[in-house]
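Colleague: So that we are looking at the same thing, I have put the structure below in structure tokens.
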Amino acid sequence: MMGRWAQRFAVAIERPLVGYPAALAAVAAAVLVRAVAGLVMTSPPNFMAFFPAVLFATLVAGLRGGLLATALSAGAVWLLWIPKTTLEETWRSQHVQLLLFVVTAGLTVLIAKAIRVAVLRGAAAEERFRIFQEQALDGFVIMEPVREAGQVADFRWTYANPAAERMAPGGQGLTGRRVSEVFTGQTASDMIERLRLALDNGVPDDLDVRRVIDGQERWMRSSAMRLGDGLAVNFHDITDQRRAEEEARRSRDEFEHIANAAPVMIWMSGVNMGAIWFNASWLAFTGRRMEEELARGWLEEVHPEDRQRVLATYDEHFAARSRARLEYRILRHDGVYRWIDEAAAPRFDRDGKFLGYIGSCSDITDRKAAETQLRGGEARVRALVDSLPQLLWSARPDGDFDYLSPQWVNFTGVQAAAHTGEGWLHAVHPDDRDDLRAAWSQAIQGGLPFDLEHRLRRHDGVWRWFTTRASAVREEDGSIRRWFGSSSDITEIVEARRHLEERVAERTRELEASLEERARAEAALAQAQRLETVGRLTGGVAHDFNNLLTVVIGGLDMILKNPADTARVKRLSEAALAAGRRGERLTRQLLAFSRRQELKLEVMDVGALIEQVEPLVRRAVGEAIELSVDCEAGVGATRLDPAQFEAALLNLVVNAADAVEGSGRINIHTRRVTLADGEVSGASAGEHVAVSVSDTGAGMSPEVMQRAFEPFFTTKDVGKGTGLGLAQVYGFMSQCGGAVAIDSRPGEGTTVTLYVPAIDAVPTVDPVRPVTDDSWAAGTAILLVEDDAAVRAVTESLLQEMGCEVTTEIDGPSAMARLQTGQAFDLLISDIVMPGGMNGVELASWTHVHRPDLPIVLTTGYAGDQFANGATEITWPVVRKPFRAEQLSAAVRDALGRVPS
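Using this note's numbering, you'd call the opening residue of the sequence shown number 16 and step up by one each time.
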């Protein structure tokens with residue numbers, strides 16, 4: 016009530032136009048009261064009614080209003096109620112009362128003024144309190160105890176500011192309600208007990224209390240103090256603050272856990288540069304307690320020579336709030352100073368407030384020692400580099416040069432900066448530049464060693480030859496860290512090499528000429544060796560041929576005498592044909608021995624092959640020497656050239672015959688053996704077919720055996736041997752994948768064994784063509800070129816019997832003239848060796864050019880060495896003489912590509 020009344024006066028004071036009229040109205044009211052009193056009283060007091068008016072005017076209008084009211088009141092009383100008597104005593108009495116009124120009214124004004132100031136100040140304070148409570152974020156309540164049976168049983172809110180009302184559960188407000196009405200359960204009990212203690216103790220408290228409001232846990236920071244018989248309680252919600260603090264505490268614990276587990280030393284400082292925390296690694300390193308290190312205690316471990324520098328660095332960076340990086344020495348727990356590398360950064364909170372620094376330290380003593388050694392090593396290397404004559408350089412992983420030694424600069428006369436990157440290529444000769452750039456790029460891309468010769472321009476303009484080598488230094492993962500290279504002047508070497516190459520070229524030409532001459536001599540000697548063998552066979556072969564001719568001539572003679580005896584003609588013809596085939600095989604064996612030919616490997620049955628060549632071998636050794644052939648059953652097959660094998664076997668038998676000197680024994684033994692690795696020099700481990708030729712001759716000494724396979728080495732007298740026999744055998748066996756071994760002792764004879772790998776394959780057998788009908792050849796136009804009239808007549812008859820239409824010519828030029836006439840032919844058959852200046856191969860080549868669609872078949876009895884060296888390649892089918900009718904028919908059919916009926 017007082018507050019509201021005081022507020023009204025405060026409003027009036029602020030408006031003088033209202034205050035002064037109110038003061039005048041109060042005086043007027045007092046005059047009215049005095050007048051009324053005079054009507055009802057005989058002698059009413061004059062000044063009694065004016066004291067309240069003066070008091071009111073002072074409270075409303077202030078000091079001036081009160082004095083004005085006093086003056087107006089005194090004037091009104093003097094004018095209206097003090098009589099104007101002449102009696103001195105009465106006049107004196109009335110004026111004394113007036114004077115006393117003025118004095119007492121003035122004192123009243125002064126007292127009212129003081130009351131007015133106090134009231135205004137109280138009103139202002141109450142207004143400020145009201146405004147503060149209405150705007151406050153914290154809750155504020157005034158509570159009074161509720162007593163039952165003389166004991167405090169509950170508390171009631173008598174005042175609650177808006178913030179407190181907002182925090183009330185359910186939004187129902189607090190003023191006038193009890194605690195037990197607003198809160199229930201344990202929350203209500205705890206709150207009443209806490210308020211009772213605060214009331215009983217009379218001392219303010221400050222607590223964090225837990226409350227469950229609307230089913231949610233809330234934390235309040237509350238302060239209660241006694242206020243008269245009640246309590247004034249201030250509180251605010253700190254739930255979010257506690258959650259943030261809990262999160263910060265958890266984050267701090269996690270940070271300390273991680274930091275303590277880190278291998279590096281970590282520390283934190285406050286805003287005043289004092290340390291506030293060190294991790295376990297720091298404490299273990301220094302061997303001190305946390306309390307000893309806090310603030311600036313850690314400086315005690317810093318080396319005295321580094322301490323001021325460290326402090327100055329921190330002063331600088333703390334002032335600038337910038338990152339710091341420094342190295343200094345610190346005392347380890349064992350009393351040894353160690354170098355550490357420290358990095359520090361400022362810490363800020365979410366609002367950007369500076370909190371201090373955090374830093375980490377690593378022991379770099381070993382690294383600094385290594386750096387010191389490295390610097391010393393670099394100095395030594397640089398001194399070594401400066402003393403070398405080579406031009407040294409290095410490049411980045413991408414190939415750009417970034418270092419060139421002083422030798423390079425002195426040689427080129429160009430500063431190193433101008434030749435970094437790819438600038439060094441400007442010093443390379445233009446003719447070498449592209450090749451050098453390409454080779455360097457390839458080395459960079461593949462990480463390969465680089466080695467190339469090129470020319471560099473010297474400072475005086477002279478081009479010098481250099482060899483440049485480079486290799487890469489790699490990281491542990493294999494990536495290239497750097498390239499290091501050197502360039503060495505090799506001008507004199509290049510010139511000497513060029514001169515040497517010219518001399519070598521000249522000598523090479525001379526050597527090639529010499530080798531060609533030697534090759535011709537070797538070929539002649541080899542041919543002589545073969546002819547020597549053939550010569551050994553001449554007598555026996557002549558005997559065989561005479562026997563064969565006897566059968567042929569005798570049989571034909573008997574057929575002519577009695578051609579009507581069909582059975583007898585057939586028997587004699589078959590005998591003559593068999594003798595002719597034996598002569599054909601014997602001729603081919605002789606040709607194989609006497610001519611040069613390429614190796615043609617076939618799968619052959621070794622036992623059958625030896626059985627086939629046995630008659631020829633026997634003719635070579637003669638009847639005076641005992642020859643035995645022992646071939647074990649199941650020897651199997653191998654891969655070899657049958658003609659070369661027969662020649663090799665014949666060479667061994669001829670050598671054995673020479674060794675026994677016309678009388679003695681020679682044995683050919685064939686068997687299957689299993690060789691271990693290294694058992695026979697040159698032979699692989701596994702199954703082999705072994706063919707041994709043994710004699711009972713004088714044998715060989717170890718010296719002779721060691722040189723037995725050397726070309727041109729012979730123990731025979733001059734003119735009796737070329738020394739190529741065993742060398743040719745060795746070469747043939749090497750080509751077949753086999754080996755040759757000699758076992759001989761002086762006086763005990765010699766055994767030469769051929770080892771060829773055994774294979775599980777079916778031996779090659781000449782296919783037997785079935786007798787077929789030649790009606791497919793009817794009407795085929797054939798041009799037959801053959802110089803021998805008898806052979807031409809027989810061949811023509813065979814073709815005509817097949818149904819072919821045959822045109823014959825005797826040599827190549829006449830056949831070429833015939834073909835130029837345009838006459839149509841389906842096939843050309845030509846002998847290879849013919850007179851007239853054109854052989855069969857040349858005719859075939861010409862025909863292939865001018866008549867490319869005309870098939871060609873060549874025939875030959877023996878072409879000799881004319882085509883053995885491969886000078887003229889024969890790509891057409893060749894039929895060997897003598898041939899049978901079915902062989903000729905098959906050749907014609909294959910050439911025409913026709914299917915037999």
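The beta carbon of each residue, even a glycine, is placed where N, CA and C say it ideally should be.
Note that the structure is a prediction, hence the values are computed from the model and not measured.
P828: which of T810, I847, L858, V821 sits nearest, CA to CA?
Modeller: Working through the sequence shown from its first residue, we reach residue 828 at position 813. Taking only the C-alpha atoms, the option nearest P828 is L858.
Colleague: Report yes if the CB atom of A76 is closer than 9 Å to the CB atom of Y35, and no otherwise.
Modeller: If you number the sequence shown from 1, residue 76 lands on position 61. If you number the sequence shown from 1, residue 35 lands on position 20. Result yes, Cβ atoms of A76 and Y35 sit closer than 9 Å.
Colleague: Check A44 in the structure and name its three-state DSSP category.
Modeller: Looking up residue 44 in the sequence shown gives position 29. A44: helix per DSSP, three-state reduction.
Colleague: Taking its Cβ as the centre, do 16 or more other Cβ atoms sit within 10 Å of Q430, making it buried, or is it exposed?
Modeller: On the sequence shown, residue 430 is found 415 positions in, with the first residue counted as 1. By the 10 Å Cβ count, Q430 comes out exposed.
Colleague: Can we say the region 207 to 217 touches the region 178 to 191, given the rule of at least three CB pairs closer than 8 Å?
Modeller: No, the region 207 to 217 is not in contact with the region 178 to 191.
Colleague: Under a three-way DSSP split, which group does H474 fall into?
Modeller: Against the sequence shown, residue 474 aligns to sequence position 459. Reduced to three states, the DSSP call for H474 is coil.
Colleague: Using 8 Å as the threshold, is the region 161 to 171 in touch with the region 105 to 122, meaning 3 or more CB pairs across them?
Modeller: Short answer: they don't touch.
Colleague: Nearest to R472 by alpha carbon, out of F144, G121, S502?
Modeller: One-based indexing of the sequence shown puts residue 472 at position 457. Checked all of F144, G121, S502; the closest Cα to R472 is S502.
Colleague: Quick one: Cα of S845 to Cα of E527, how far?
Modeller: Looking up residue 845 in the sequence shown gives position 830. Looking up residue 527 in the sequence shown gives position 512. Looking at the two C-alpha atoms, the distance is approximately 39 Å.
Colleague: Assuming V771 and V695 form a contact by the criterion Cβ under 8 Å, report the distance between their Cβ atoms to the nearest whole angstrom.
Modeller: The residue you call residue 771 lines up with position 756 of the sequence shown. The residue you call residue 695 lines up with position 680 of the sequence shown. With a Cβ gap of about 12 Å, V771 and V695 do not count as contacting.
Colleague: Which residues in the same chain have their Cβ closer than 8 Å to the Cβ of E617, if we skip the five residues on either side of it in sequence?
Modeller: By 1-based counting over the sequence shown, the position of residue 617 is 602. Within the same chain, E617 has close Cβ partners R654, L655, D656, P657, T779.
Colleague: Closer than 8 Å is the cut-off here; do at least three beta carbon pairs connect the region 450 to 470 with the region 483 to 498?
Modeller: Counting Cβ pairs under 8 Å, three or more are found: they touch.
Colleague: With DSSP as the reference, label M17 as helix, strand or coil.
Modeller: Taking the first residue of the sequence shown as 1, we reach residue 17 at position 2. Caution applies to M17, whose pLDDT of 48 falls short of 50 and renders its modelled position unreliable; the value that the coordinates give is listed next. Of the three classes helix, strand and coil, the one that applies to M17 here is helix, per DSSP.
Colleague: Have a look at F147 and G137 and give me their C-alpha separation to the nearest angstrom.
Modeller: Here residue 147 corresponds to residue number 132 of the sequence shown, with the count starting at 1. Here residue 137 corresponds to residue number 122 of the sequence shown, with the count starting at 1. Going by the C-alpha atoms only, they are around 15 Å apart.
Colleague: Throw me the rounded Cβ distance for the A358 and R340 pair, which I believe falls under 8 Å.
Modeller: As a first step, residue 358 must be located in the sequence shown, where it is residue number 343. As a first step, residue 340 must be located in the sequence shown, where it is residue number 325. The pair is a contact, with the Cβ atoms about 5 Å apart (cut-off 8 Å).
Colleague: A579 to F660, Cα distance in whole Å?
Modeller: Residue numbering aside, residue 579 sits at position 564 when the sequence shown is read from its first letter. Residue numbering aside, residue 660 sits at position 645 when the sequence shown is read from its first letter. For A579 and F660, the distance between alpha carbons rounds to 47 Å.
Colleague: If A796 sits next to D841, beta carbons under 8 Å apart, how far is it from one beta carbon to the other, in whole angstroms?
Modeller: Reading the sequence shown from its first residue, position 781 is the one you call residue 796. Reading the sequence shown from its first residue, position 826 is the one you call residue 841. Confirmed, about 5 Å.
Colleague: Quick one: what does DSSP say Q405 is sitting in, helix, strand or coil?
Modeller: Residue mapping note: residue 405 aligns to position 390 of the sequence shown, counting from 1. Three-state result, Q405: coil.
Colleague: For T768, which of helix, strand or coil comes out of DSSP?
Modeller: For the purposes of this step, residue 768 is identified with residue 753 of the sequence shown, where counting begins at 1. Three-state result, T768: strand.
Colleague: Should the region 643 to 651 be regarded as contacting the region 662 to 676, the criterion being three or more beta carbon pairs within less than 8 Å?
Modeller: No, they do not touch.
Colleague: Using only the alpha-carbon positions, how far apart do I495 and W408 sit?
Modeller: Your numbering for residue 495 matches position 480 in the sequence shown. Your numbering for residue 408 matches position 393 in the sequence shown. Approximately 16 Å between the Cα atoms of the pair.
Colleague: P630 lies in the beta strand (DSSP E); which residues open and close that run?
Modeller: The count along the sequence shown starts at 1 and reaches residue 630 at position 615. No beta strand (DSSP E) holds P630; the alpha helix (DSSP H) holding it covers 621 to 636.
Colleague: When the Cα atoms are used, what is the spatial distance from L135 to L87?
Modeller: Within the sequence shown, residue 135 is the residue found at index 120, counting from 1. Within the sequence shown, residue 87 is the residue found at index 72, counting from 1. About 26 Å.
Colleague: Near G622, what residues of its chain come up, given a Cβ to Cβ distance below 7 Å and the 5 sequence neighbours on each side ignored?
Modeller: Locating residue 622 in the sequence shown gives position 607, where the first residue counts as 1. Closer than 7 Å at Cβ, skipping near neighbours: C646, V650, T685.
Colleague: Give the range of the alpha helix (DSSP H) segment to which I459 is assigned.
Modeller: Translated into the one-based positions of the sequence shown, residue 459 becomes position 444. 445 to 461 is the span of the alpha helix (DSSP H), which, as asked, contains I459.
Colleague: So if DSSP puts R846 in a beta bridge, which residue, or which two residues, is it bridged to?
Modeller: To locate residue 846, count along the sequence shown from 1; it is residue 831. The sequence shown places Asp at residue 846, not Arg. T874.
Colleague: So, helix, strand or coil for H865, using DSSP?
Modeller: Position 850 of the sequence shown, counted from the start, is the residue given in the question as residue 865. Residue state, collapsed to three classes: helix.
Colleague: Given A8, which residues of its chain have a CB within under 7 Å of its CB, disregarding the five upstream and five downstream residues?
Modeller: Only positions 16 to 916 of the chain appear in this structure, which leaves residue 8 out of reach.
Colleague: Please classify P717 as buried or exposed, where buried requires at least 16 other C-beta atoms within 10 Å of its C-beta.
Modeller: The residue labelled residue 717 in the question sits at position 702 within the sequence shown. So P717 ends up on the exposed side.
Colleague: My output table needs one value for N249: the three-state DSSP class, helix, strand or coil.
Modeller: Against the sequence shown, residue 249 aligns to sequence position 234. Residue state, collapsed to three classes: strand.
Colleague: Using 9 Å as the threshold, is the C-beta distance between L814 and L869 below it?
Modeller: For the purposes of this step, residue 814 is taken as residue 799 along the sequence shown, with counting starting at 1. For the purposes of this step, residue 869 is taken as residue 854 along the sequence shown, with counting starting at 1. Cβ distance not < 9 Å, so L814 and L869 don't count as in contact.
Colleague: Evaluate G245 with the Cβ neighbour count: other Cβ atoms within 10 Å of its Cβ, from every protein chain shown; 16 or more gives buried, anything less gives exposed.
Modeller: Sequence index remark: in the sequence shown, residue 245 carries index 230 (1-based). Burial call: buried.
Colleague: Identify the residues that DSSP records as bridge partners of Q966: which are they?
Modeller: As shown, the chain starts at 16 and ends at 916. That puts residue 966 outside it, with no answer to give.
Colleague: Nearest CA to the CA of P404: which residue from T387, L389, S420, D475?
Modeller: The sequence position of residue 404 within the sequence shown is 389, counting from 1. Comparing Cα-Cα distances from P404 to each of T387, L389, S420, D475, the minimum goes to S420.
Colleague: Indicate whether D252 and M235 have their beta-carbon atoms separated by less than 9 Å.
Modeller: Counting from 1 along the sequence shown, the entry for residue 252 is found at position 237. Counting from 1 along the sequence shown, the entry for residue 235 is found at position 220. The answer is yes: Cβ separation under 9 Å.
Colleague: CA-CA distance, L122 and M240?
Modeller: Along the sequence shown, read from residue 1 onward, the residue named residue 122 stands at position 107. Along the sequence shown, read from residue 1 onward, the residue named residue 240 stands at position 225. L122 and M240: Cα-Cα distance of roughly 41 Å.
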